[in-house]
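Single-structure report; data block below.
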Amino acid sequence: MIFCMKRILIYAMAVLAVVGCGGRTTSKKADISPTLPFPQVQVPAMIEDREEAMEYAALHYFDKLADPARKGVCDSLTVASVAAGEVEQAVSSWCYLLDNLPLPTARKAASRLFQRAESCEMADTSSNVFESIVALVDRYLYDPNSPVRNEDIYQAFVQEKSLSSLFTDEQRQGFAETVRRCGLNQVGTRAADFIFSDRNGRTGHLYGVKAETTILFFSNPGCNACKEIIDALKSRPEMEDMIKSGDLAVVNVYIDEDLGEWYGYMGEYPLSWHNVYDPNLVIRNDLLYDVRAIPSLYLLNRDKIVLLKDTTTEKLLASVFGN
């Protein structure tokens, strides 16, 4: 059977709208370029279990496109005779699929995709499969503005980049540093502890916050996206009761040095939150957390194990409030 879930494709179209246009061009060249549909992965009929089918699809999603023996038109509009926009849509769908799989499986799929794309480049340097796949995976899994970003999955992909002979020594060193940064505060590990201060000069630390679940929220005053998250949390009527009962804590951290601006924005933050700043700037300067963009949301359990890393508001709300 052909693996194609309607909800994945719908989500993928929404992702495309956020991350980039990725659509077909209307130039004359687009009209005359011979294009083929994206070659869908076919799950063997013997695989009837849905989770096994999803795993197979993730691992083999690009086997036909990234086949070293495949010949096709490669230019700015096409990738192995497939319209570039369709390839981008396939990558976004694949990223969403990975997000619904166990992390080890998703990481294995990411590594395998790089290896297949690399094989295409080794076999034919005129092919643009490698360049296209690498650019799209970088964009969707690692760009801080991508709604399907996932550093834990991307780490496996960039690890392959750091070992590939297709890049220079300098490039590989840069990729190795990215591998290291992606390894910070991974899902399933204990989040790094840090000291913080509140508006009254009282100090505390992350591990000292007692709650069944902790939202770790890196924010800036005046940040519109941060304000949207604040409003989304404040709109949940159950939040205050959860905080009072010890089921939830919100640690809202400012990691920069302009405390005057931070103090001036204090009225926007609920008093029940831990509204704090990093007095020693260790989060940013010592890279205790790789906060590549503000806002950044983490979800931790009672032992401060990372449940969600640099996640979206939608995922966080669903995990905390159940809907």
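Using the working numbering, read the sequence shown as starting at -11 and increasing by one per residue. Where is the CB? At the ideal position from N, CA and C, for every residue including glycine.
Distance between residue j and residue i (C-alpha atoms, nearest Å)
{"i": "R104", "j": "P56", "result": "8 Å"}
{"i": "S307", "j": "V238", "result": "14 Å"}
{"i": "N311", "j": "E40", "result": "27 Å"}
{"i": "R190", "j": "K222", "result": "25 Å"}
{"i": "L(-3)", "j": "S81", "result": "Low confidence applies to L(-3): its pLDDT is 44, below 50, so where it sits in the model is not reliable, and the reading given next is rough at best. Those two C-alpha atoms are separated by around 6 Å."}
{"i": "V79", "j": "S150", "result": "21 Å"}
{"i": "R169", "j": "L304", "result": "22 Å"}
{"i": "M42", "j": "V125", "result": "19 Å"}
{"i": "S64", "j": "A72", "result": "8 Å"}
{"i": "V146", "j": "A97", "result": "13 Å"}
{"i": "A253", "j": "E36", "result": "It is Tyr, not Ala, that sits at residue 253 in the sequence shown. If I take the Cα positions, the gap works out to 55 Å."}
Nearest-angstrom Cβ-Cβ length linking residue i and residue j, presumed shorter than 8 Å
{"i": "T177", "j": "V70", "result": "Not confirmed; about 38 Å, so no contact."}
{"i": "V241", "j": "V264", "result": "6 Å"}
{"i": "P267", "j": "C214", "result": "Not really, about 20 Å apart at Cβ, beyond 8 Å."}
{"i": "L129", "j": "N116", "result": "That belief does not hold up - the Cβ atoms of L129 and N116 are roughly 20 Å apart, past 8 Å."}
{"i": "L85", "j": "I141", "result": "Actually they are not in contact, since the Cβ atoms of L85 and I141 sit about 11 Å apart, beyond 8 Å."}
{"i": "E226", "j": "F309", "result": "6 Å"}
{"i": "Y257", "j": "I217", "result": "Actually they do not touch by this definition, with Cβ atoms about 11 Å apart."}
{"i": "E74", "j": "P25", "result": "7 Å"}
{"i": "T301", "j": "L285", "result": "7 Å"}
Residue i classed as buried or exposed, judged by whether at least 16 other C-beta atoms fall within 10 angstroms
{"i": "M230", "result": "buried"}
{"i": "S394", "result": "Residue numbering for the chain in the displayed model covers -11 to 311; residue 394 lies beyond these limits and cannot be assessed."}
{"i": "K232", "result": "exposed"}
{"i": "S15", "result": "Bear in mind that the predicted position of S15 carries a pLDDT of just 35, short of 50, making it unreliable; the figure below should be weighed with that in mind. Classification for S15: exposed."}
{"i": "L113", "result": "First, the residue type needs correcting, since residue 113 is Thr and not Leu in the sequence shown. The residue is exposed, with fewer than 16 neighbouring Cβ atoms inside 10 Å."}
{"i": "F205", "result": "buried"}
{"i": "D186", "result": "exposed"}
{"i": "L259", "result": "exposed"}
{"i": "M34", "result": "exposed"}
{"i": "C9", "result": "The predicted position of C9 is uncertain, since its pLDDT is 34 and thus under 50; a value taken from the coordinates is nonetheless stated next. Exposed, because fewer than 16 other Cβ atoms sit within 10 Å of the Cβ of C9."}
{"i": "K292", "result": "buried"}
Boundaries (first-last residue) of the beta strand (DSSP E) holding residue i
{"i": "I183", "result": "183 to 186"}
{"i": "D298", "result": "294 to 299"}
{"i": "N263", "result": "262 to 265"}
{"i": "F206", "result": "201 to 206"}
{"i": "Y286", "result": "284 to 289"}
Test item: CB-CB of residue i and residue j under 7 Å
{"i": "A180", "j": "L276", "result": "yes"}
{"i": "K297", "j": "V175", "result": "yes"}
{"i": "C108", "j": "A164", "result": "no"}
{"i": "A391", "j": "R100", "result": "Given that the chain is displayed from residue -11 to residue 311, the structure contains no residue 391 and the question cannot be resolved."}
{"i": "F182", "j": "L194", "result": "yes"}
{"i": "R280", "j": "P132", "result": "yes"}
{"i": "A68", "j": "R58", "result": "yes"}
{"i": "P209", "j": "E148", "result": "no"}
Residue interval of the alpha helix (DSSP H) (run including residue i)
{"i": "V146", "result": "139 to 151"}
{"i": "S115", "result": "First-last for S115: undefined, no H or E at that position."}
{"i": "T166", "result": "157 to 170"}
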